[in-house]
Structures are given as C-alpha cells and as structure tokens.
Amino acid sequence: MAKKKEEGYLSAKESRRISRENRKITNAFEKKNKRKRVPESEFATRMKDPGNVLEIEGLHTYFFTDVGTVKSVDGISFEVPIGKTVGIVGESGCGKSVTSLSIMQLLQRPQGQIVSGEIRFNKGDRAIDIAQMPIEAMQKIRGNEISMIFQEPMTSLNPVFKIGDQIKEVLDLHNYDNIPEERINEKVIELLEMVGIANSRGVAKMYPHELSGGMRQRVMISMALACDPKLIIADEPTTALDVTIQAQILDLLRNLKDRINSSIMLITHDLGVIAEMADYVVVMYSGRIVEKGTAQEIFSNPAHPYTQGLMASKPVVGKKVDKLYSIPGKVPNPVNMPDYCYFRDRCEKRCAACDGEYPGEISLSPTHKVSCYRFFEQENKEA
Ligand SMILES: Nc1ncnc2c1ncn2[C@@H]1O[C@H](COP(=O)(O)OP(=O)(O)O)[C@@H](O)[C@H]1O
Ligand code: SF4
Ligand SMILES: [Mg+2]
663 MAKKKEEGYL
673 SAKESRRISR
683 ENRKITNAFE
693 KKNKRKRVPE
703 SEFATRMKDP
713 GNVLEIEGLH
723 TYFFTDVGTV
733 KSVDGISFEV
743 PIGKTVGIVG
753 ESGCGKSVTS
763 LSIMQLLQRP
773 QGQIVSGEIR
783 FNKGDRAIDI
793 AQMPIEAMQK
803 IRGNEISMIF
813 QEPMTSLNPV
823 FKIGDQIKEV
833 LDLHNYDNIP
843 EERINEKVIE
853 LLEMVGIANS
863 RGVAKMYPHE
873 LSGGMRQRVM
883 ISMALACDPK
893 LIIADEPTTA
903 LDVTIQAQIL
913 DLLRNLKDRI
923 NSSIMLITHD
933 LGVIAEMADY
943 VVVMYSGRIV
953 EKGTAQEIFS
963 NPAHPYTQGL
973 MASKPVVGKK
983 VDKLYSIPGK
993 VPNPVNMPDY
1003 CYFRDRCEKR
1013 CAACDGEYPG
1023 EISLSPTHKV
1033 SCYRFFEQEN
1043 KEA
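Residues in the sequence shown are numbered consecutively from 663, following our numbering.
Set out below in structure tokens:
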C-alpha cells in the first residue's frame, strides 16, 4: 500500500525520524557546549591578521528542525578590522541575525548550532575561537568584550526596573576591579550623557515605558558601551525607529565609535544606512556571501547582480521614478537549497555557465570579492 509521495510534504513517520536524528546531532553539540572549566588552551587560536578584531572563516550555522535542516548560514567568511565599521546587508531571512547570534553564542538552542567554521576574536594579547568555546567561557566575553544592540529595545530592557538600575547592573556584573558604588553611580550618569540623553539624572530614575523609542535605543547603546567592548554588533539598530530619530542614532553610533575606539558590525537590510556608516560591506544572500569589499568598491562598482538589484531598488533623492525597481522572484527554500547559484532563478544576467554548481569566489581586487559566473568568463578571456 505504497502512498503517493507529495512533493514538499512530510509524513508523520518521516517527521518523527527527522526529530530522532536531530536529537542525536544536537545532543552531541550540547555536550560540547555545556562543558565546565575548560582550559582556554582548548579554544585558543591565532588571528590571521592582528589588525582584525574578528575573523569569521567558513562559518556554518544550522537549525535542526522537524521539517529538516535549515542551513541559515552556510559557509561565510569575512573580517572586521580594528576601529572599522563593517556593514552586513541583505534582504530579510538571508542569515544576518543568525550570523550575529552565532558570534554572541545566543542561538536558539538546542536546535540552532554552529556546525563548523571559526569565529576568531582578538582579545589584544591573545585570540580565541568562539565557535569552540563552551557557554560558560562565553559568558565572560558577552556584554564585556563584545556587546550587542538589538532592533527592538523594549524587548531587551526589563519593564519593571528603572533605567539607571539596569545600566548599573551591567556595570556591577563586569566590575572585576571592585570599583566603589559611588563611582559606578557616576558612571551610569556619564554613560547616559555620552549617548546624548539631556536630563540624565532624571532619566536614570525612569522606567522603560516612560521613554520614547529613540531614547530607549540610546539607553540600549549606553548599556552596550558600559564595558568598553572591543566589538559592538548592531542588528538593525534603527529599523524600528522613525526616519529623523534613525538619523540621530546613526550619528550617535558614528561619533561614539571614534571616541571609544571599538569596531562595529552593523547589520541592516537598508543600503542607505550602510552607505552612511560602513568602511567595508558584506552582501549576504540565502546564507552565503555573494559579494564583499570596501564601501567605495561596493557602491561605485557593484559586481554581483544581487548587489546591483539592491542598489536599483533604493530610492535616490532628486531622481523621479514611476516605480521602484524590485528584484523579481523569491529566495530559495532554506531547507532545500539548489546546487547551482542561489540567485539564478531571479537573475536577469544569467548565462550558460550559471547552470553549473554554486560559483566560487573571484577576486576583483585584494579587497573586492564576488561569487558570480560572469566574472569567471572575464577571467578566462583575460587568461
Ligand atoms: N530559531 C530558528 N529556528 C529555525 N529557523 C530559524 C531560526 N532562526 C532563524 N531561522 C531561519 O534562518 C534564516 C535566517 O534568518 P535570520 O538570520 O533571522 O535572517 P535576517 O537576515 O533577516 O536577520 C531564515 O530562513 C530563518 O527562517
Ligand atoms: S552566477 Fe549567473 S545566475 Fe548567479 S548571479 Fe552570477 S550571472 Fe546571475
Ligand atoms: Mg535579522
């Protein structure tokens, strides 16, 4: 009594089999994650370039779900140089947040796991591989040497505690030098002033709901800065804010970066934000990097058809258009990725070679890399 298999649907039996297998896989990862008192030598590593604060190499992060394995991040590599801002751009669902949550070890576990790859972090005198680090050791890095600003500040602030007390808690948690209480209280006020909150002593006594969205995001930024992090990850920090507030927050981040001399990894779906802020740009599509380079290279010479599509779909001041360009088609299903260029079915520039396997990376300059067959052809012709 063989039942006809319907494309894309799973039988209950199949689904149970998948969850059993998933459990086996994730249990093995969790065992590794939950190790206690692991000596640092086990996750010590070396930076390829000591001028980088972060080097991601071949990172694969998957979610083992009952309907199959979601390869949210599928082999990405990029660097964040010290003191620079790297913008990560791509449309919703391409794996930007999963990338940042991997770096912070904040993935939804046990289903979300770093499956392979390295996340090398430069601690100054030595380097560690976050991908190999147990949860316990990561707690000393998170919020201390790397901090994160989320899209919706209300979900990260505790509604029942006063603003000042919440900032103080962050400072207390990382107070390894036993700084006296009065000095910590002063530091709370200084932090609020640093992020441009005028009535800082008053605001410190308020609850989150008494503040506007822009003020709350400023408070979140002050908490992220509390421990002088070497790297700040800002995941869509202005997406939930209206346009004028958005500009103010971006200004603030830009000014702060120079003052505290840290690096920023700025995640957004908005190329306009990247244009204003980033020194380097990484373009993601369906869990992979399709193009990366300096901001200058990406904006004046976008090479990948997807990057070009993103540029064309962005409104330009002073240019009258009837309808904004939108990239036709939709992204492939992340459980069942094709074995050819992921962008092919939406690409207006595809050629015969594009039916081949997923294109490798080609260097257009020492910093500018693209994964697209159009450039393989050029290289062949030049050879
Ligand atoms: N907890 C989860 N369980 C299963 N799939 C997830 C989970 N979190 C994210 N994903 C999937 O990973 C992919 C990338 O998501 P995300 O990184 O959040 O995208 P974005 O680029 O919009 O930040 C999406 O296909 C999303 O559905
Ligand atoms: S490899 Fe081909 S299909 Fe893919 S983006 Fe380049 S031109 Fe388009
Ligand atoms: Mg996101």
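Note that CB positions come from ideal geometry on N, CA and C, so glycine has one too.
Residue environment, residue i, which counts as buried when at least 16 other CB atoms sit within 10 Å
i: N784; result: buried
i: G1018; result: exposed
i: G786; result: exposed
i: E954; result: Rather than Glu, the amino acid found at residue 954 in this sequence is Lys. K954 comes out buried.
i: H871; result: exposed
i: G991; result: exposed
i: T969; result: buried
i: A866; result: buried
i: N1046; result: Residue 1046 falls outside the range modelled here, since the chain spans only 663 to 1045, and no answer is possible.
i: N892; result: At residue 892 the sequence reads Lys, which differs from the Asn that was named. Classification for K892: buried.
Residue j beta carbon less than 9 angstroms from that of residue i
i: E780; j: L721; result: yes
i: S924; j: V748; result: no
i: L763; j: G774; result: yes
i: M885; j: I841; result: no
i: V905; j: V1032; result: no
i: I926; j: I960; result: no
i: R1008; j: Y1035; result: no
i: L912; j: M939; result: yes
i: G755; j: T723; result: no
i: Q910; j: G858; result: yes
i: F725; j: Q770; result: yes
i: L933; j: L915; result: no
i: V935; j: Q908; result: yes
i: A902; j: Q813; result: yes
i: Y1002; j: V993; result: no
Separation of residue j from residue i, as counted between CA atoms
i: R1054; j: S677; result: Past the boundaries of the shown model lies residue 1054; the chain is included only from 663 to 1045, so the question cannot be answered.
i: L672; j: I687; result: 20 angstroms
i: G949; j: N847; result: 43 angstroms
i: T930; j: E704; result: 34 angstroms
i: S778; j: F1037; result: 29 angstroms
i: E741; j: P712; result: 11 angstroms
i: S874; j: T761; result: 29 angstroms
i: E831; j: S988; result: 45 angstroms
i: R782; j: S681; result: 32 angstroms
i: P1094; j: K919; result: Look at the range of the chain in this structure, 663 to 1045, and you will see that residue 1094 is not part of it.
i: P743; j: K675; result: 49 angstroms
i: S1027; j: T956; result: 10 angstroms
i: R708; j: I792; result: 12 angstroms
i: E717; j: N820; result: 33 angstroms
i: P899; j: R880; result: 10 angstroms
i: Y947; j: S739; result: 13 angstroms
For residue i, the residue or residues it bridges with in DSSP
i: F726; result: T731
i: P701; result: Bridge partners of P701: none, in fact.
i: V1032; result: E953 and I1024
i: P990; result: Answer is none; P990 lacks a bridge partner.
i: A937; result: Partner(s): none; A937 has no beta bridge.
i: E717; result: E741 and R782
Using a Cβ distance threshold of 8 angstroms, determine whether the region 850-858 contacts the region 792-804, with at least three qualifying pairs required.
No, the region 850-858 is not in contact with the region 792-804.
Do the region 997-1014 and the region 723-734 make contact, defined as three or more Cβ pairs closer than 8 angstroms?
With the cut-off at 8 angstroms, the region 997-1014 and the region 723-734 touch.
Stretch-stretch touch, CB-based, cutoff 8 angstroms, three pairs: the region 861-879 with the region 802-810
They do not touch, by the three-pair rule.
Does the region 693-709 come into contact with the region 954-971, if we say contact requires no fewer than three beta-carbon pairs (one atom in each stretch) closer than 8 angstroms?
Counting Cβ pairs under 8 angstroms, fewer than three are found: no touch.
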